[in-house]
Structure formats: structure tokens, C-alpha cells
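Heads up, my numbering is the position in the sequence shown plus 311, with the first residue counted as 1. For each residue, glycine too, the CB sits at the ideal point set by N, CA and C. Bear in mind that the values here come from a model prediction, so they are computed numbers and not experimental data. Okay, so here's the structure we're looking at.
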Amino acid sequence: TITEPGSTHPINSKVPATYAMALEQQDIDASAEILLFEAVEGQPFPARGAEFSAFANLTAADLIAGDSPTATDEAVIGRGLARTLDVGVGDTLTLGGSTRSGVAHVELVGVFSAAGSSDDQLILSLATARHLAGVRAGVVQFVRAERVPTVDGESGTGVDVTSVSPDGVVI
Numbered sequence: 312t313i314t315e316p317g318s319t320h321p322i323n324s325k326v327p328a329t330y331a332m333a334l335e336q337q338d339i340d341a342s343a344e345i346l347l348f349e350a351v352e353g354q355p356f357p358a359r360g361a362e363f364s365a366f367a368n369l370t371a372a373d374l375i376a377g378d379s380p381t382a383t384d385e386a387v388i389g390r391g392l393a394r395t396l397d398v399g400v401g402d403t404l405t406l407g408g409s410t411r412s413g414v415a416h417v418e419l420v421g422v423f424s425a426a427g428s429s430d431d432q433l434i435l436s437l438a439t440a441r442h443l444a445g446v447r448a449g450v451v452q453f454v455r456a457e458r459v460p461t462v463d464g465e466s467g468t469g470v471d472v473t474s475v476s477p478d479g480v481v482i
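Here is the structure:
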């Protein structure tokens, strides 16, 4: 997971969404994401703003009903969460802002199956997640990747420092 250095929590992090594209150009599955905390009829659950295909590749999620979202007001829901909320394809959910004021309505266009807690999540468009979380265009909270890129060099750690700008004198 790639987050902003020094962030105390992923929801405080802001990184360019293009990081995911750069990783994909190196044949590394990656997903640019925004984390939301939602509740419907008193039932809390996590939601993610993400491109569903990228999320599915990293999470081993399979679409078991309906379709992948194609519009900003469409979402897919994990099978476990769909059971908990008693909703399915064609239903609409009203979501609120997690960390700021905001409201959005999303239509459920698909149901997916995934292992563990991923099966209890809602995946909505990055545009809608940005609106609900107050994240500006082109930015996400974090990027998940299947692995770190390899670096040609002596360290072999997969980490490459490209620039350092200290605030003061370095001793």
C-alpha cells in the first residue's frame, strides 16, 4: 500500500492517482482508492472508491450477479454486505460523507464475492468517493499494489529515493 509519507492514517493521506497507472505500466496490478465509512439504516460498513476491475484483480473478487459499474452513480456490493443490508442489483443506496458533509445516491448494478472482510464492502466510483470524502480530483488516499517494483541497483530493496528536500540542515 502506498500512502503519503507521515500520514497518521490512510484517510489522511493524499497521493496522485497516477501512481496506480505507473505501476500498471510495469505490469503490477494496482488500485487507486478512497476509503469511506458508511451506514445504512443503522448498519455501519466500509466502502471504497475504486475502479472495480482494479479492486477485483487485487482482492480476488468475482462478479456473481449483475454488471461492473460504468457510471459515477453506480456501485457494486459484496455478497455479505448485500445479505446484511437485504439489498441487491437494482436497489439504490443513499450514502453520506464520512469525514465531511455530502450525500450521494448510488444504484447497485452488481454483486461480487470475495474472501474475508472484502465481501462486506461497497465499491463505488472514485468521483463519488471524492465528493463524499472531500478529496480533490486526481488524488486518492492510497494505492494498493500486488508488489513493489523492482529496482535495478545495489540495494535490492525495491525502494528508490529519487529526491530528498530536508527542512533544515542535515548533520
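**OP:** Using the DSSP secondary-structure output, state which residues sit across from glycine 407 in a beta bridge.
**Re:** Val414
Subject >> Per-residue DSSP class, three states only, for glutamate 465 >> reply: Confidence in glutamate 465 is poor, its pLDDT being 47 and thus under 50, which makes the residue's placement too unreliable to answer from.
Subject >> Same chain only: Cβ atoms within 6 Å of leucine 334, ignoring 5 sequence neighbours per side >> reply: Ala341, Ala456
Original post:
Quick one, which of Phe363, Asn368, Thr370 has its alpha-carbon nearest glycine 377's?
Top reply: Phe363
Original post:
Among the residues of its own chain, which have a CB less than 6 Å from the CB of glutamate 465, if the five just before and after it don't count?
Top reply: With a pLDDT of 47 at glutamate 465, under the threshold of 50, the modelled position of this residue cannot be trusted; read the value that follows with caution. Once the five neighbours on either side are set aside, glutamate 465 has no close Cβ partner at all.
Original post:
Within this structure, are the beta carbons of leucine 437 and alanine 343 separated by less than 9 Å?
Top reply: yes
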